[in-house]
Structure formats: structure tokens, C-alpha cells
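Asker: There's a structure below that I have some questions on.
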């Protein structure tokens, strides 16, 4: 349990008090150890400049809680092939899902409407792709939209959660994931967050969903308010972390935005958990925008906690992480995420090592378990593949079997940690087996890779089967993902080299006292050697680098002067060289190699550097080497130079166009500076310029009259557009938080009205205007005096619900 | 029982040589090139308006010859992937 927070932030959003999973100020309930979202806000992180998109059935971009943070550059309609992700409205409200997810991430705060998003200052977009035939192309397109602009993709869908489907990404979608993590966010990797599945009641297992079990997705499950397993939860070994979501009837639900500008606290299932984590990752990215896709996964592993989540399979792996098949590493902790993010150093590169068992085909006997093992080296013989510290582990199997649902598969690591890759699925009667299906586990995170890995396959029939038809493990491979160095200690080797290596850090280079000047002093080349020459002790051939004064021995170190340059000092000994080595330049006048400034790798004069020592960057403005480039410049890792940021950037990171602050008249969108469009204009996607809004809009997201965010002066907002006068059936009134008036809908059955409530002035056909209320033209045949007295004494006709309740008859009768 | 595949009139095609080459091949077999698939280089989205929009069989016809064109590295008729919201 958590303490009630005395410094609670308060927002005026009507559902704020219901958002128990964010704050803890409700005295009627005990406070649960929570996700520490408000603590992250109090540290200043609210998702600013982070771009999240929801892959789903669209988002209602005009929703008052979404319009402020809506980002059309993070949106697309794959189903309709245009830029507007607005959902298709129908009577069954089939397309509410994306809008609900979007609100959880980035609903605006303190706007008197509905809720507060986890990252309430993040950019939010929607990719409409579920409202049509979903194909491999549709999925691949959706995952690859603006990968350099969108930071986080959140998806809460997948193959059927019916307990008998085994399905995953097609070839194009797999490539899209790979492209995303390799090239997205300009090489830092797109972040894909995925809901683990809703098939708990069908005994489904999320290892049979290839999206959530991909190493490229962050798989998120749910827990109820009391830390119980929700009825819909699917367990599996690829789940990384958990958030609260809706639970049993006596537990509190989550609230979010809904279509038609509404809010909802309807049942959410696991779908809401992915956007909650997307929001928390947005806070972490605000704290450190340079986190890679793997850094984010490491952060989640390190900071998620089991707290009060109930599961009978919590175990501690050999690296010390507590992990479960229901909740992964546990409940996410937003404050811990942002704190770790601020001081995070990128983990070493990912290595991939694939190993195979010696023996292949093996029968799986009914009622028995089959064990197959691999003695893994972690590919220590191949430096580029060497995995010592584990991240993800993937087992690919080719299994033929008469009833797939009877199989259970476990993997045991060299450290003895057991992870269940697949549980029995009662509903899965398929005889297809598993054809090169990949099972993924995160349960060995941080463990060492080398040693014996055991795969255990158990076949226990759940119904009668022909005992003579055996299953067959035809092939399996073990793919280990991880690093060759300890991911959290590698800096002591890479960036803070040991004294033995004698490579100072950039700071040490710049701060160390002046180096010895021994060879800088222009000593006369005299002394012992000269005397030896004088008395003629050596008469043999001199080295070709020796000058006209000859030598006192055959080597280059015996020269009395040099043809080109002399290097070294009297104390350390001098030698003649044709070219000066790194860190020196040739002084032609004195035929001496002189030392460059301590920060230079190469120079043409003492302080005229042309390249810099490791960790420093050449400032071409004054030929100096510095460890931090001046404003407007960035440190280019390839050229080791400070290069100019893009014209529109004021400051940038690593690349000219990866802006962190913009010049005047530009504003930061993600890491791009886009023109700051004045009121009445919007940023045009194709032209990359500010284009005029429709004349009725003050601010807008596009040129159409239905794309206004706020209305121009003299206009009122009516439904999706701005109008000069409210049309019949609407009346004008104030709108909280808006600078202009709104047209509100008249009471039901009114054709026109003068204000809210019972102020009808005209009625629809079939209704009569009685006491400024429209009452159906029908009379009650049983409305006698006693009945009408009851209606009157209970003032039923004043209540909307009872207005058609014989009111006309009773009122007509006086 | 397994759910039957539903074949659409959309194809994913991998062709080297740029969008013009893809346009030419699309026109040759009666397809319309709807452009590159996301950020996947050399992968194009083709649509054939004369093929049934949804069918339980992969219907053959002149359009099928695209699979044999030497300039086409790979082509795949798209099937509907049942997806559920969670």
C-alpha cells in the first residue's frame, strides 16, 4: 500500500477524481502501490515533444481531450488512404477503440473535460488500419509510417484470442518491425508497445501471438486494482511488464476518452495497458530522447516491480530479477523510469547467437516429456556474435503433432531458471503442429548464456487420441540475444579506460596540467654523442635519415642531426623520422617534431588542430578540440567534428536535423523544427509550409471547414464545424475552456429552442408544445384523475425520463 | 476446423529498379501500382480491379503471370488476416 500523497496535483477534469491508478487521494479506498505517474509529473516530465501514435480503428481528433495534443504528422488513414484518421461512426459504435487508447496516452490536462492522459503534453496521432481487410501490406504500412517522426507505436490488437489460433506477422510486417528498430528514430529504433491478449477465458496463451512475442515489441499485460489476475489475462513468457486495467465488478475501472466527445469507464480489457505503458515510455523519452529501443526494454526490466501482484509463479532468475508469466517483471513504475532514463548510458550493441542441438528428429511420447539439450558457448568464438549477458531468448521449433493444444513446452537455462514457453490450450485441436514457430522468453534477462540449455516438451492428452500417432520434434534452434559485456558496467571499460591503457578521458585531456616540455625546449644537439663523434669513435655507415653531421652508430637513434625531423628529447632519447607521429607536427624551420596541444590528434601548429583525440570534437571555427560543441553545432561521431545544425535548429543532437531546440518562428515537433504557424494557418504536410485554414477557423489541422480546432471570431462551434449562426435544433451557449461560443443541441424532439432544458419553441412532427416541452401527440386512455394526480404530485412531467408518460393527457385535462 | 483463407485483389511485389520499373510491370499485367509499402525499399503494393475483391481461392488468370516475370523477385497475393481489438 502507498501513502496518500499530501502534495497531490489537482486537475479540473471531471473524471480526475476517478483516476485512482494515478493519484491516491480517495479516503474511501486504501491506496495501492501505484505506478508513480504523478511522481514523474512532479519531476517535470509530461511527455513534451514525444510523439506517440495508436495503431487501431482511428482516433477522434476533434475530441476536446485530444484536439490540443493531436498531431496530424503522426496520423494516417491506411484504410482510406488519406491523412485523416477520424473513425467511421456507426450505430453500433464499432470504432471506439483507438480513441479510447489515445486518451489514455495524451488526453489534455486541466481543460474541464473528461480525463488526464499519462503523458498529457505528448503529441498523439492515430493510424486507422483496423477498419477494413487487414493484410500483411496493411500492417507493414502502418508500422512504417513516419518512423523518424513517430517515437512510439502502440497497438492493442492481434490474432484471435480464441485459444486455438497460432498466428503472427507476415513477411512484410516482420521486415517493417526490423526496419523500425534499425532505422526508426534516426537509428535509435522505433518503440512498439503491444497488448498481450484478452483470451484468458479461452485458455489462450500469448506465445501463440507472434506480435506480442516478437523481440521488437514490448508486451504488456494487466492486473486488477487488488493485484489479481483479470479474467481476460493471457499468460506467457514474453510479457515484459504490467499496468492496472479493469477487473472484477467490485474493483475500480479505468476511465478514458470515448467517441462523440465523451468519456467512458467501460470495461477496458488488456487494451488500455499498452497505451498506459506507451505514455510512461513517453515520459522516459522526454527525460532522455536518446534512449534506444533496447534501452527502453532494459529500463522496463530494471524498474518494474512485483509489488502486491498475486501470482503463484513469481521466481527470481539468476540475475536477480523477479519475473512471472502473468506480469513479466511486474507493475510499471513511471518515476523510476524517468529517473533511470536521465542517467542512462546506452547498452552495448546487441549480439545474436544461434545454436542447434546435435540430434534432430525426436518422437514425443504421449504422457511423457521429451528433453533435448544444447551446450551453448554463447558464440564466444565469434566476437561479433558473442552473447554473454542475455536479453531475449528465442526458441524456434518445427513440431508435428496430432493435437497442438496438448503440448506444453519449457526451457531451462544453464543457471537453472525454468520458463514456460507454451502452456496447454484446451481449445486448440489443430493437427498443424508448430511450423518454425518462434517462442520468446524474457525470463532469463541478465543471466549468463554459456552452458547447457534444456528444452522440455510434454504431451498430455486432454481428450482421447490415437496413441499410435506420435508427435515429432523435427528441429529446434536456440537464439540468444544479448551483449558480450555487462550492459551496466561496460562504461568503465569503454568510456573510462583503465590507467594501464593510458588513454585519458576527454575531460582528463582538457583538464590535465601542461605536459612535460622536455622536447619543446630547444636544446643544442650536443653532449655525449657529439663528443663521441669528435673523437671519432664511430666510422661506419649512418642511417639514411641522419643529416649532414653524421652519426655515432648505425641506427636512426644514433644520428647527430636529421634530414627531416627529430623526435624525442635528450632525456628520453632522440630519433630521426621522415614524418612526425600522431600528436606531433613537423616544425620545418627547426627540423623538430613538436607536440600538438594535448587535445589534438593531428595538428599543423601547436594549437591548430586538424583532428582530435578520442572523445573530443574539432571545432572548425578556431581549430580547437572540445568535448561539447557550441550552440548551433552537433558532435558528429563519424567525422569527430562539430558540424552545423540544420538552419531551423537552434541546438541539435548527433545529426544536423535531429533538433532539440528551434530558431525563432519554428517549433519543435518530435525532433524536427516546423514553422510556427500563426493563427488562421496550419502546417501543410506535403508543402511543408503554413497554409491558410478555412475562413471559419481560428486554428485548425487542415484546410477543410471540418478541420477547425477553434473557431474564428464571430463563429460558433456546432458539432464538427464552425458556423455563423446555430442551425434550428441548436442554441448558442458558452463552452468551458473555449474562447468562442458553441451551438448546443436542443432538448429531444425540439425543432428549435431558446436555451438549455425545457425551452422548446417548436416541435418535431408528431409532438406538441406544452409548457415549452415537446410531448408526443398521443393520449393515454387510462389517465384518470387519480393517475394524473399521482403524475402531478410526483412532478413526473418535469423529469426528462417521464416526459412522455401520459403528460399530454394529464396536462390537457388540467 | 481451420478458417478458410480469404484472398484479396491486392498483391505485395518486390521489384528492383525503382518505381518506374514497378509501374511498367504493374501495367504489363493489368495491375495498378499503389506505391511503396511503408519504408520497405523495392516493395510495392499492387491492386487488380478485375480480380474478385475477396475469394476463398486464389483465382488464376493473366494477372497470375506476374509471379513468373524475371524482373519480379517475389510476389504474394494478400490474404485477410483476422485481427481482433483487445
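Protein chains in written order, with our numbering: chain A, 213 to 1026; chain B, 1087 to 1172.
From the three backbone atoms N, C-alpha and C, an ideal C-beta is built for every residue, glycine too.
No experiment lies behind these values; they were computed from the predicted model shown.
Which residue from A:295, A:312, A:379 puts its Cα closest to that of residue 1166 of chain B?
Answerer: The option with the nearest alpha carbon to residue 1166 of chain B is A:379.
Asker: Closer than 8 angstroms between beta carbons: that is the criterion. Which residues of the region 335 to 347 of chain A meet it against chain B?
Answerer: So the close ones are 342, 345, 346, 347.
Asker: Which residues of the region 402 to 413 of chain A have a Cβ closer than 7 angstroms to any Cβ of chain B? Give them in chain order.
Answerer: Those would be 407, 409, 410, in chain order.
Asker: In chain order, what residues of the same chain lie with their CB nearer than 7 angstroms to the CB of residue 952 of chain A, ignoring the 5 residues before and after it?
Answerer: The residues are 922, 923, 927, 928, 929.
Asker: Around the Cβ of residue 580 of chain A, are there at least 16 other Cβ atoms within 10 angstroms (buried) or fewer (exposed)?
Answerer: Burial call: exposed.
Asker: Which chain B residues sit within Cβ distance under 8 angstroms of residue 479 of chain A?
Answerer: Within 8 angstroms Cβ-Cβ: nothing; residue 479 of chain A doesn't reach chain B, min ~11 angstroms.
Asker: Starting from residue 1168 of chain B, find everything on chain A with Cβ-Cβ shorter than 9 angstroms and list it in chain order.
Answerer: Those within 9 angstroms of residue 1168 of chain B in chain A are 346, 371, 372, 377, 379.
Asker: For a test of the three-state rule: what should DSSP assign to residue 482 of chain A, helix, strand or coil?
Answerer: Helix, per DSSP.
Asker: Say whether chain A places a C-beta atom closer than 7 angstroms to the C-beta of residue 1144 of chain B.
Answerer: No, no contact with chain A.
Asker: Which residues in the same chain have their Cβ closer than 6 angstroms to the Cβ of residue 670 of chain A, if we skip the five residues on either side of it in sequence?
Answerer: Result list for residue 670 of chain A: 581, 620, in chain order.
Asker: With 7 angstroms as the threshold, decide whether the Cβ of residue 359 of chain A is near any Cβ in chain B.
Answerer: Chain B contact via Cβ: present.
Asker: What did DSSP end up calling residue 873 of chain A once you bin it into helix, strand or coil?
Answerer: DSSP places residue 873 of chain A in strand when its eight states are reduced to three.
Asker: Inspect the CB distances between the region 649 to 658 of chain A and the region 557 to 576 of chain A and report whether three or more fall short of 8 angstroms.
Answerer: In short, these stretches do not touch, since the Cβ pair count stays below three.
Asker: Round the Cβ separation of residue 570 of chain A and residue 606 of chain A to the nearest angstrom and send it over; I've been treating them as touching at under 8 angstroms.
Answerer: Residue 570 of chain A to residue 606 of chain A, Cβ: 20 angstroms. No contact.
Asker: Would you say residue 1118 of chain B lies against chain A (beta-carbon separation less than 7 angstroms)?
Answerer: So no, residue 1118 of chain B is outside the interface.
Asker: How would you call residue 311 of chain A, buried or exposed, if buried means at least 16 neighbouring beta carbons within 10 angstroms?
Answerer: By the 10 Å Cβ count, residue 311 of chain A comes out buried.
Asker: Skipping 5 residues on each side, what residues in its chain have a beta carbon closer than 8 angstroms to that of residue 960 of chain A?
Answerer: 986, 1012, listed in sequence order.
Asker: Using a Cβ-Cβ cutoff of less than 8 angstroms, which residues in the same chain neighbour residue 689 of chain A once the five nearest sequence positions on both sides are dropped?
Answerer: If we look at residue 689 of chain A and ignore the five residues flanking it on each side, its Cβ neighbours are 566, 567, 568, 607, 608.
Asker: If you draw a straight line from the C-alpha of residue 461 of chain A to the C-alpha of residue 414 of chain A, how long is it?
Answerer: Going from the Cα of residue 461 of chain A to the Cα of residue 414 of chain A covers about 20 angstroms.
Asker: Can you give me, in chain order, the residues of the region 1155 to 1166 of chain B that have a beta carbon less than 7 angstroms from any beta carbon in chain A?
Answerer: Listed by position, the residues of the region 1155 to 1166 of chain B near chain A (Cβ gap below 7 angstroms) are 1164, 1165, 1166.
Asker: Residues of chain B with CB under 7 angstroms from residue 453 of chain A, in chain order?
Answerer: Per Cβ cutoff of 7 angstroms: no residues; residue 453 of chain A is ~16 angstroms from chain B at best.
Asker: For residue 617 of chain A versus residue 661 of chain A, is the C-beta distance shorter than 7 angstroms?
Answerer: Cβ distance not < 7 angstroms, so residue 617 of chain A and residue 661 of chain A don't count as in contact.
Asker: Exposed or buried, which one is residue 225 of chain A when buried takes at least 16 other CB atoms within 10 Å?
Answerer: By the neighbour-count rule (16 or more Cβ atoms within 10 Å), residue 225 of chain A is buried.
Asker: Between the C-alpha atoms of residue 459 of chain A and residue 969 of chain A, what's the straight-line distance to the nearest angstrom?
Answerer: Those two C-alpha atoms are separated by around 37 angstroms.
Asker: Would you kindly work out how many angstroms separate the C-alpha atoms of residue 673 of chain A and residue 447 of chain A, rounded to a whole number?
Answerer: C-alpha separation (whole angstroms): 21 angstroms.
Asker: Three or more beta-carbon pairs under 8 angstroms between the region 511 to 522 of chain A and the region 382 to 397 of chain A, yes or no?
Answerer: Short answer: they don't touch.
Asker: Taking the alpha carbon of residue 647 of chain A as the point to measure from, which residue in A:686, A:681, A:632, A:322 has its own alpha carbon closest?
Answerer: Minimum Cα distance to residue 647 of chain A is reached at A:686.
Asker: Kindly list, in the order they appear in chain A, the residues whose Cβ is closer than 7 angstroms to that of residue 1136 of chain B.
Answerer: Going along chain A, no residue has its Cβ under 7 angstroms from residue 1136 of chain B, so there is no contact; the nearest lies around 18 angstroms.
Asker: List the residues of chain A whose Cβ lies closer than 8 angstroms to the Cβ of residue 1171 of chain B, in chain order.
Answerer: Those within 8 angstroms of residue 1171 of chain B in chain A are 268, 269, 309, 342, 368, 369, 483.
Asker: Does chain A have any CB closer than 7 angstroms to the CB of residue 1153 of chain B?
Answerer: Residue 1153 of chain B does not count as touching chain A.
Asker: By how many angstroms is the C-alpha of residue 1122 of chain B removed from the C-alpha of residue 1103 of chain B?
Answerer: Distance between the alpha carbons of residue 1103 of chain B and residue 1122 of chain B: 13 angstroms.
Asker: Using only alpha-carbon positions, find the residue among A:840, A:837, A:360 that is nearest to residue 395 of chain A.
Answerer: It is A:360 whose Cα lies nearest to the Cα of residue 395 of chain A.
Asker: Applying the criterion that 16 or more other CB atoms from any shown protein chain within 10 Å of the CB defines a buried residue, is residue 901 of chain A buried or exposed?
Answerer: So residue 901 of chain A counts as exposed.
Asker: Nearest to residue 222 of chain A by CA position, among A:244, A:247, A:253, A:246, is which residue?
Answerer: Comparing Cα-Cα distances from residue 222 of chain A to each of A:244, A:247, A:253, A:246, the minimum goes to A:253.
Asker: Against residue 1123 of chain B, what residues of chain A qualify as contacts under a CB-to-CB distance less than 7 angstroms, listed in chain order?
Answerer: What residue 1123 of chain B touches in chain A: 349, 352, 353, 384.
Asker: Work out the CA separation of residue 854 of chain A and residue 758 of chain A for me, nearest whole Å.
Answerer: Whole-angstrom Cα-Cα distance: 41 angstroms.
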